[in-house]
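Q:
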Amino acid sequence: MSFTGNDVEIPQPSQMENVPLPEISTSNGQYIHPVTFSHQCLVQPTHIPIAQASGNVASDIIHNGNLVPVDYIPRSSYEIILIVDVRETFNKVKFDEIARIRGVKWELSSLPVGDFLWLAREVGGSTSRKEIVLGMVAERKRADDLASSIVDGRFVEQKSRMQKLGFRKMYIFEECKNMYNLRISHETLLQAMINSELVDGCDVITCSNSDQCTAYLTSLTNFLASKSKKYDLAVYSDGRRPKEDPHNIEGLWGIPWSEYVDIGKKSPALPMREQFGLHLLQIHSITGVKAKEIVSLFPTPRSLFEAYDRLFSEDQKKNMLVEGVGSSNLKSINKKASEIIYQLYNIL
Numbered sequence: 001m002s003f004t005g006n007d008v009e010i011p012q013p014s015q016m017e018n019v020p021l022p023e024i025s026t027s028n029g030q031y032i033h034p035v036t037f038s039h040q041c042l043v044q045p046t047h048i049p050i051a052q053a054s055g056n057v058a059s060d061i062i063h064n065g066n067l068v069p070v071d072y073i074p075r076s077s078y079e080i081i082l083i084v085d086v087r088e089t090f091n092k093v094k095f096d097e098i099a100r101i102r103g104v105k106w107e108l109s110s111l112p113v114g115d116f117l118w119l120a121r122e123v124g125g126s127t128s129r130k131e132i133v134l135g136m137v138a139e140r141k142r143a144d145d146l147a148s149s150i151v152d153g154r155f156v157e158q159k160s161r162m163q164k165l166g167f168r169k170m171y172i173f174e175e176c177k178n179m180y181n182l183r184i185s186h187e188t189l190l191q192a193m194i195n196s197e198l199v200d201g202c203d204v205i206t207c208s209n210s211d212q213c214t215a216y217l218t219s220l221t222n223f224l225a226s227k228s229k230k231y232d233l234a235v236y237s238d239g240r241r242p243k244e245d246p247h248n249i250e251g252l253w254g255i256p257w258s259e260y261v262d263i264g265k266k267s268p269a270l271p272m273r274e275q276f277g278l279h280l281l282q283i284h285s286i287t288g289v290k291a292k293e294i295v296s297l298f299p300t301p302r303s304l305f306e307a308y309d310r311l312f313s314e315d316q317k318k319n320m321l322v323e324g325v326g327s328s329n330l331k332s333i334n335k336k337a338s339e340i341i342y343q344l345y346n347i348l
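First residue of the sequence shown: 1, per full-length UniProt numbering; consecutive thereafter.
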């Protein structure tokens with residue numbers, strides 16, 4: 001779960017002794033010790049469908065034959081800036097304090113994809129300085145936010161949009177005090193992170209609070225800044241991406257800011273099956289597992305309507321998803337959930 005290159009590694013927080021990390025003293029006298037970060041709290045899954053993995057580069061990224069970069073920005077002629085989404089909810093005053101102590105430049109911006117990314121900006125007197133988004137995007141998930149996003153379907157949708165970029169993807173999982181008393185179990189949260197790593201090819205970093213998350217992000221920014229002094233920046237465009245696995249690229253690469261925004265804003269219509277699944281997730285008692293099970297049997301609302309029409313009594317229809325249809329049983333659906341779905345779609 002570390003960010004690795006050919007001969008360099010961005011470690012997990014507990015391995016931060018490999019990166020220069022001075023003790024951080026904040027204005028209120030608190031000290032942050034990055035080397036004490038929580039690490040490897042994730043349990044091993046009993047089964048992960050590796051065969052379903054789609055790889056680290058999104059299949060919808062267009063490789064236009066020639067994978068050669070369209071441009072290079074010489075080393076030491078650009079600076080690295082951490083870009084933070086304006087919707088991030090952490091304490092920005094403390095974030096700024098830690099960033100200044102660490103010598104990290106950061107800016108707020110409205111990001112169409114991800115909570116954090118890294119921008120390479122040309123230095124010098126030119127008024128038309130190039131701005132290149134490095135090929136890495138990070139999403140921060142507090143445990144309570146992760147639980148909510150799994151229930152309402154945002155987690156899957158956000159991950160899909162990150163995948164579209166063809167970047168290296170990172171989840172920063174942040175623990176919180178009430179994470180054992182959420183709408184879904186703590187084990188489900190951990191499984192979601194494990195699946196993101198093993199099935200979706202994401203890097204998963206675990207931190208115990210927002211200060212440690214900030215310290216990690218600033219350390220990573222400084223690491224990238226050190227590489228900007230050693231490597232020319234390869235610029236790709238028009239759907240081109242490096243041929244190598246994003247995890248094995250030693251230098252830096254990216255795409256123009258305008259292209260990142262365009263990709264992030266594109267919202268092609270989802271297939272009906274996915275739209276139906278997302279609609280089911282809006283029902284309070286329906287989790288991702290339950291929605292997937294229902295959609296596997298009834299891929300569209302019409303197929304669900306037709307199944308109801310084949311039954312005669314009201315009780316049969318209310319309990320249809322519990323009893324199953326034919327030899328198929330929806331094991332995760334209880335009587336209450338079955339009745340709620342029937343009432344909702346019967347009204348429709």
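Every residue gets a Cβ at the ideal spot worked out from N, C-alpha and C, and that includes glycine.
1) Compute the beta-carbon to beta-carbon distance between residue 118 and residue 233, rounded to the nearest angstrom, for a pair I have assumed lies under 8 Å.
2) Kindly list the residues whose CB is nearer than 6 Å to the CB of residue 251, restricted to its own chain and excluding five residues on each side of it in sequence; keep chain order.
3) Within the same chain, show all residues whose beta-carbon is closer than 6 Å to that of residue 149, passing over the 5 residues directly before and after it, in chain order.
4) What residue from 146, 322, 227, 91 has the CA that sits closest to residue 351's CA?
5) On the three-state DSSP scale, how would you describe residue 123?
6) Which same chain residues end up closer than 6 Å to residue 111 when comparing Cβ atoms and leaving out the 5 residues on each side of it in sequence?
7) Closest to residue 195 by CA distance: which of 274, 276, 170 is it?
8) Less than 7 Å separating the beta-carbons of residue 81 and residue 107?
9) Any idea which residues DSSP pairs residue 256 with across the strands?
10) Find the nearest neighbour of residue 286 within the set 76, 342, 114, 142, judged by alpha-carbon distance.
11) Grab me the residues of residue 284's own chain with a C-beta within less than 6 Å of its C-beta, minus the 5 sequence neighbours each way, in chain order.
12) Compare the beta carbon distance of residue 168 and residue 136 with 7 Å and say whether it is the shorter of the two.
13) Which residue marks the beginning of the alpha helix (DSSP H) containing residue 155, and which one marks its end?
14) Residue range of the alpha helix (DSSP H) that residue 214 falls in?
15) Would residue 69 and residue 216 be called neighbours here (beta carbons separated by less than 7 Å)?
16) Helix, strand or coil for residue 188 per DSSP?
17) First and last residue of the alpha helix (DSSP H) that includes residue 298?
18) Give the straight-line distance between the Cα atoms of residue 173 and residue 289, rounded to the nearest whole angstrom.
19) Expressed to the nearest angstrom, what Euclidean distance is found between the alpha-carbon atoms of residue 151 and residue 190?
20) Out of curiosity, what's the CA-to-CA distance linking residue 94 and residue 139?
21) Just the Cα atoms here: how many angstroms apart are residue 256 and residue 211?
22) List the whole-angstrom C-beta distance separating residue 254 from residue 134, where the pair is believed to meet the contact cut-off of C-beta under 8 Å.
23) By DSSP, does residue 193 sit in helix, in strand, or in coil?
24) Given this structure, state the Cα-to-Cα distance separating residue 335 from residue 320, to the nearest angstrom.
25) Apply the 10 Å Cβ neighbour rule to residue 165 and answer buried if 16 or more other Cβ atoms are within range, or exposed otherwise.
26) Would you tell me roughly how many angstroms separate the C-alpha atoms of residue 122 and residue 132, rounded to the nearest one?
27) If I measure Cβ to Cβ from residue 221 and keep anything under 7 Å in the same chain, skipping five residues before and after, which residues do I get?
28) Relative to the C-alpha of residue 263, which candidate in 316, 91, 88, 114 has its C-alpha closest?
29) Near residue 337, which residues of its chain fall below 6 Å by C-beta distance, leaving aside the five closest residues on each side in sequence?
30) Answer with buried or exposed for residue 67, where buried requires no fewer than 16 other C-beta atoms within 10 angstroms of its C-beta.
31) Under the assumption that residue 218 contacts residue 291 (Cβ atoms under 8 Å), give the Cβ distance between them as a whole number of angstroms.
32) Helix, strand or coil, according to DSSP, for residue 205 in the structure here?
33) Measuring alpha carbon to alpha carbon, tell me which residue in 76, 74, 116 is nearest residue 87.
A: Looking at the coordinates:
1) In fact, because the Cβ distance is near 11 Å, the residues do not count as touching under 8 Å.
2) Close CB contacts of residue 251 within its chain, under the 6 Å cut and outside five residues either way in sequence, are with 231 (chain order).
3) Same-chain partners within the cutoff: 155.
4) The chain is shown only over 1 to 348; residue 351 falls outside these bounds and no answer can be derived.
5) Correct three-state label for residue 123: coil.
6) 85, listed in sequence order.
7) Measuring from the Cα of residue 195, the nearest candidate turns out to be 170.
8) Going by C-beta atoms, residue 81 is nearer than 7 Å to residue 107.
9) Per DSSP, 132.
10) Checked all of 76, 342, 114, 142; the closest Cα to residue 286 is 342.
11) Beyond the five residues adjoining it in sequence on each side, residue 284 comes within less than 6 Å, by CB distance, of no other residue in the same chain.
12) If you check the CB distance, residue 168 and residue 136 come in under 7 Å.
13) 154-165 is the span of the alpha helix (DSSP H), which, as asked, contains residue 155.
14) Counting along the chain, the unbroken alpha helix (DSSP H) around residue 214 starts and ends at 210-228.
15) Contact: no.
16) Note: residue 188 maps to helix in three-state DSSP.
17) According to the DSSP assignment, residue 298 belongs to no alpha helix (DSSP H), since it is labelled neither H nor E.
18) About 21 Å.
19) Taking the straight line joining both Cα atoms gives about 14 Å.
20) About 19 Å.
21) Within the model, the alpha-carbon separation for residue 256 versus residue 211 is close to 31 Å.
22) Confirmed, about 4 Å.
23) Shown here, residue 193 sits in a helix according to DSSP, grouped into three states.
24) Their Cα atoms are separated by approximately 9 Å.
25) So residue 165 counts as buried.
26) Straight-line measurement puts the Cα of residue 132 at about 9 Å from the Cα of residue 122.
27) The beta carbon of residue 221 lies closer than 7 Å to those of 80, 82, 104, 118 in the same chain, with the five residues before and after it left out.
28) That would be 114, whose Cα lies nearest to the Cα of residue 263.
29) Scanning its chain for C-beta atoms nearer than 6 Å, with the 5 sequence neighbours on each side dropped, one finds around residue 337 the residues 285, in chain order.
30) Burial state of residue 67 is exposed, judged by a 10 Å Cβ sphere holding fewer than 16 other Cβ atoms.
31) About 38 Å; that fails the 8 Å criterion.
32) In the three-state DSSP reduction, residue 205 falls in the strand class (E or B).
33) If we check each option's Cα against that of residue 87, 116 comes out closest.
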